[in-house]
Amino acid sequence: MSHDDFPTDEPAVVTCGLPYANGDLHIAHLRTYVGGDVLSRALRTLGQETAFVCGSDMHGTPIAVGAAEQGVDPEELALGYHEQYEETFPRFDVEFDNYGHTHDETNQAMTKSFVESWIDGGHVHEKEIQVAYDPDADQWLPDRFVEGTCPYCGANARGDECDDGCQRHLEPGEIEDPVSAITGNPAEYRAREHEFLRLADFQEYLQGFIDRLEGTDNARNQPREWIEGELEDLCITRDLDWGVDYPGDDGGQDLVLYVWVDAPIEYVSSTKQYTERVGAEEYDWEAVWKNHGTDDHPEGGEIVHIIGQDIIQHHTVFWPAMLRGADFNEPRAVVASGFMNLDGDAFSTSRNRAIWAREFLDEGFHPDTLRYYLTTVGGFQDEIDFSWDRFRERVNGELVGNVGNFAYRSLLFAERNLGGTPDVDVSSEVRERIEEAIAEFEAAINDYSVRKATQAAVRLAGFGNEYIQRHEPWNLDDDEAAPVVRDCVQIAKAVAVLVYPATPDTAQRLWDQLEAEGSVADATLDAALEAPPADFGEPTELFEKIDEDRVEELNRKLDERVEEVAAAEEDDAEGDDGTETDEAAEGDEGSMDVEALAEDRIGFDDFEEIDIRVGRVESAEPIEDSDKLARLEVDIGVETRQVVAGIKQLHDLDELPGTKVVLLANMEKAELFGVESNGMVLAAGEEADLLTTHGDAEPGTKIR
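Going by full-length UniProt numbering, the residue at position 558 of the sequence shown is 558; the numbering climbs one at a time, nothing skipped.
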């Protein structure tokens with residue numbers, strides 16, 4: 001790779017983390033795929049040769065578990081979802097150059113080739129480990145066939161990842177108090193031979209790689225703890241019938257490769273399939289992936305991964321080591337998104353608290369409106385929130401009121417009053433403003449910020465609205481109006497070029513209304529300043545306004561759906577006669593949602609030792625790479641304390657400064673995500689309702 005600014009002379013490939021083929025897609029899933037599509041289109045607009053590839057992740061224990069529960073073959077289950085994804089992505093204009101899957105022949109062969117390279121290089125060794133075993137089912141329990149307690153943070157965890165707690169990758173045998181997901185009975189650990197990739201062989205390389213890596217800050221910073229510490233070997237085999245067979249197996253072990261071996265290799269396989277379809281003259285996969293590229297591209301290609309933040313470790317530790325061990329090129333950049341909430345709370349597929357991809361389209365909304373929202377509502381690595389109200393506000397204000405309004409009023413006035421584009425030169429003011437927008441777009445893409453690139457287009461449209469309003473061509477004669485109209489038509493064309501990656505269908509419609517030649521998809525940044533056609537027809541509106549009543553209806557539908565699931569869960573918790581079961585009836589003193597009172601009591605002397613003070617929040621900011629934690633500066637009268645609190649997802653941090661809180665002042669200091677916490681802010685319940693004072697107690701006042 002070059003590490004030069006885009007566009008470079010080397011071919012690029014943009015990939016997205018593979019969707020796991022075991023469930024329907026909702027709009028939070030689409031965030032990374034839309035982000036990858038926008039970046040790919042933007043790179044091509046810069047003039048960068050780019051392929052955009054992905055595929056469905058078909059293997060692993062969740063699919064095996066799901067297939068067993070439904071009584072179907074794992075391949076049948078996974079292929080059904082794969083075909084659904086193939087149909088859904090294009091409906092949102094997420095257009096992969098190749099979309100494969102991990103079970104196809106290309107990826108199976110590529111995966112075995114990778115592993116054989118590791119074996120030949122001496123990077124794989126066999127080791128006896130403890131693996132969970134269900135004696136009742138007489139079956140080994142890999143990954144999600146086993147559940148238990150995370151050995152690092154104590155949270156509930158599945159066999160390969162602490163998904164409810166610290167998010168750490170877990171190796172077989174690490175999970176404590178294992179329970180079989182098949183029978184629900186306690187599991188036991190038994191000795192079993194498995195194959196391991198020796199990550200320590202690549203530690204020095206990885207330490208240099210992470211310093212070279214481009215992309216988002218979370219992708220560069222989060223893995224340093226692992227890379228700079230003691231790297232544990234990666235178990236690359238599992239006791240399953242479903243997956244890619246381990247190539248070194250003599251048939252006695254019946255092992256398949258861990259899903260995180262064959263899944264990222266699909267990036268390479270999918271690129272290879274694209275070349276096989278279009279020819280190496282059009283796009284050469286080896287020039288991208290093979291170590292040192294080809295004679296024409298000796299530096300190799302520009303590899304950019306767009307992923308969710310929950311799989312950063314896999315793409316910045318495991319994957320580059322896997323590539324290095326097989327003599328393939330390393331990624332240039334890893335761009336990791338933050339999580340996405342729904343109206344302030346997490347998406348929950350089990351509670352049907354989600355906006356499904358097909359549902360969004362069935363409601364009649366244009367896909368460009370969602371693409372725009374996902375691209376611009378926050379920075380890519382930021383945690384963002386979707387609500388129908390906020391969606392309506394952004395569509396009506398920024399797309400309808402700004403971009404759409406400028407394009408329509410400019411082209412309509414030009415066509416009706418001057419017959420099209422006036423034959424005069426663009427003013428220096430407008431040329432310089434368009435050049436400024438182009439520079440913003442280029443800088444944003446080289447910073448991997450699709451948000452800033454799209455905002456460059458939207459701000460240019462805002463300038464156009466201000467420009468036409470300032471000059472009022474409707475109050476001028478034709479000769480005086482011509483330069484103003486010429487400028488506005490040029491701005492409209494530039495907006496089409498710059499907004500195209502985020503809203504491709506809308507940009508093409510604007511391009512067609514200008515009657516510009518070819519497709520806006522083929523236009524590069526130079527086209528933004530090329531003269532528009534002299535003649536074009538009467539334009540139409542680009543976007544439709546969303547009514548408030550429509551949003552109320554959509555919110556009601558979502559609430560009713562969630563309530564139905566909650567009611568069903570309550571019914572399941574009741575006995576056949578409609579009364580509560582013994583388990584549910586325990587602690588009958590109050591609401592079932594309230595924790596039972598503690599039976600152990602403390603004396604007054606113990607209470608006197610607790611130092612609880614009134615505090616006032618002076619500042620609040622999110623802690624990078626943490627989903628829940630925020631850093632607060634709290635004034636407690638005698639001093640200002642730095643406190644870490646798990647309120648990031650539950651409060652608007654910008655609104656907290658000035659808020660009175662209650663702080664446990666003599667709490668032992670702790671360090672969370674590398675930030676020291678000197679005290680504890682008190683809050684009630686799962687929603688972290690911050691405790692405060694009824695009156696005007698000053699910071700530092702002791703609570704008695």
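Just so you know, even glycine gets a beta-carbon here, dropped at the ideal spot from N, CA and C.
Original post:
Counting only runs that start and end within the region 158-189, where is the beta strand (DSSP E) found for 3 or more residues in a row?
Top reply: Taken in chain order, the complete beta strand (DSSP E) segments of 3 or more residues contained in the region 158-189 are 176-180.
**OP:** Leaving aside the five residues before and after residue 245 along the sequence, list all residues of the same chain whose C-beta is less than 7 Å from its C-beta, in chain order.
**Re:** Beyond the five residues adjoining it in sequence on each side, residue 245 comes within less than 7 Å, by CB distance, of 256 in the same chain, given in chain order.
Subject >> Separation of residue 163 from residue 175, as counted between CA atoms >> reply: Answer to the nearest angstrom: the Cα atoms are 12 Å apart.
Subject >> Identity of the residue in 428, 97, 339 nearest residue 282 by Cα >> reply: Measuring C-alpha to C-alpha distances from residue 282 to each of 428, 97, 339 identifies 97 as the nearest.
**OP:** Check whether the Cβ atoms of residue 37 and residue 446 sit closer than 8 Å, and answer yes or no.
**Re:** No, they are not a contact pair.
Original post:
What three-state label does DSSP hand residue 459 in the structure shown?
Top reply: DSSP places residue 459 in the helix class (H, G or I) of the three-state scheme.
Original post:
How is the beta strand (DSSP E) around residue 236 delimited, first residue to last?
Top reply: Note, residue 236: premise wrong, no beta strand (DSSP E); not H, not E.
Original post:
Between residue 314 and the rest of its own chain, which residues show a CB-CB distance below 6 Å, the 5 nearest in sequence each way excluded?
Top reply: Cβ neighbours of residue 314 beyond the five flanking positions: 260.
Original post:
From the DSSP output, which residues share a beta bridge with residue 644?
Top reply: Residue 644 is bridged to 631.
Original post:
Across which residues does DSSP place residue 511 in a beta bridge pair?
Top reply: For residue 511, which the question treats as bridged, DSSP gives no partner whatsoever.
Original post:
Within the 8 Å Cβ cut-off, does residue 406 reach chain B?
Top reply: Although the question refers to chain B, the structure presented lacks it and comprises just one protein chain.
**OP:** Would you kindly check if the distance between the Cβ of residue 465 and the Cβ of residue 417 is under 8 Å?
**Re:** Residue 417 is not a Cβ neighbour of residue 465, given a cutoff of 8 Å.
Subject >> Nearest to residue 431 (by Cα), restricted to the options 87, 347, 490, 382 >> reply: It is 490.
**OP:** Rank 628, 662, 656 by C-alpha distance to the C-alpha of residue 646 and give the top, closest one.
**Re:** Nearest C-alpha to residue 646: 628.
**OP:** Measure the alpha-carbon distance for residue 329 versus residue 321 and round it to whole angstroms.
**Re:** Counting only the Cα atoms, residue 321 lies some 10 Å from residue 329.
Subject >> Exposure of residue 115, with buried meaning 16 or more beta-carbon neighbours within 10 Å >> reply: Buried: at least 16 other Cβ atoms inside 10 Å.
Original post:
Between residue 33 and residue 19, what straight-line distance do the alpha-carbon atoms span, to the nearest angstrom?
Top reply: Taking the Cα positions, residue 33 is about 9 Å away from residue 19.
**OP:** Measure the CB-CB distance between residue 699 and residue 644 and report whether it falls below 8 Å.
**Re:** With contacts defined by Cβ atoms closer than 8 Å, residue 699 and residue 644 do not form a contacting pair.
**OP:** Could you spell out where the beta strand (DSSP E) holding residue 500 opens and where it closes?
**Re:** For residue 500, no beta strand (DSSP E) run applies, since DSSP gives it neither H nor E.
**OP:** Would you mind stating whether residue 459 and residue 375 have Cβ atoms separated by less than 8 Å?
**Re:** No, these two residues do not count as a Cβ contact at 8 Å.
Original post:
Could you give the distance in angstroms between the alpha-carbon of residue 367 and the alpha-carbon of residue 340?
Top reply: Rounded to whole angstroms, the separation of the alpha carbons of residue 340 and residue 367 is 18 Å.
Original post:
Looking at the structure shown, is residue 416 part of a helix, part of a strand, or coil, going by DSSP?
Top reply: Note: residue 416 maps to helix in three-state DSSP.
Original post:
If you drop the 5 nearest sequence neighbours on each side, which residues of the same chain put their C-beta closer than 8 Å to that of residue 505?
Top reply: Here the set comprises 93, 366, 367, 368.
Original post:
Hey, quick one: how far does the beta strand (DSSP E) through residue 385 stretch, first residue to last?
Top reply: Residues 384-386.
Subject >> Between the CA atoms of residue 88 and residue 268 - distance to the nearest angstrom >> reply: In this model, residue 268 and residue 88 are separated by some 23 Å (Cα to Cα).
Original post:
To the nearest whole angstrom, what separates the beta carbons of residue 128 and residue 193, a pair I think is in contact under 8 Å?
Top reply: Taking a contact as a CB-CB distance under 8 Å, the pair residue 128 and residue 193 counts as one, their CB atoms being some 6 Å apart.
Original post:
Are there 16 or more other CB atoms within 10 angstroms of the CB of residue 125, so buried, or fewer, so exposed?
Top reply: Exposed, since its Cβ has fewer than 16 Cβ neighbours within 10 Å.
Subject >> Nearest to residue 426 (by Cα), restricted to the options 659, 486, 435, 35 >> reply: Closest by C-alpha distance to residue 426, out of 659, 486, 435, 35, is 486.
Subject >> Beta-carbon proximity check, residue 142 vs residue 201, cutoff 8 Å >> reply: For residue 142 and residue 201, no; Cβs fall outside 8 Å.
**OP:** Using a threshold of 8 Å, state whether the C-beta atoms of residue 74 and residue 48 are closer than that.
**Re:** No, Cβ-Cβ distance for residue 74 and residue 48 is not below 8 Å.
Original post:
Under a three-way DSSP split, which group does residue 99 fall into?
Top reply: Reduced to three states, the DSSP call for residue 99 is strand.
Original post:
What residues are listed by DSSP as bridge partners for residue 245?
Top reply: According to DSSP, which records beta bridges pairwise, residue 245 is partnered with 256.
Subject >> Residue nearest to residue 343 in terms of C-alpha spacing, selected from 697, 551, 675, 541 >> reply: Out of 697, 551, 675, 541, 551 has the C-alpha closest to the C-alpha of residue 343.
Subject >> residue 110 in three-state terms, based on DSSP >> reply: Helix.
Original post:
For residue 340, which residues does DSSP report across the bridge?
Top reply: According to DSSP, residue 340 bridges with 384.
**OP:** Please look up how many angstroms separate the CB atoms of residue 621 and residue 653, rounded, as I've assumed it's under 8 Å.
**Re:** Their Cβ separation, rounded to whole angstroms, is 6 Å, which keeps residue 621 and residue 653 in contact under 8 Å.
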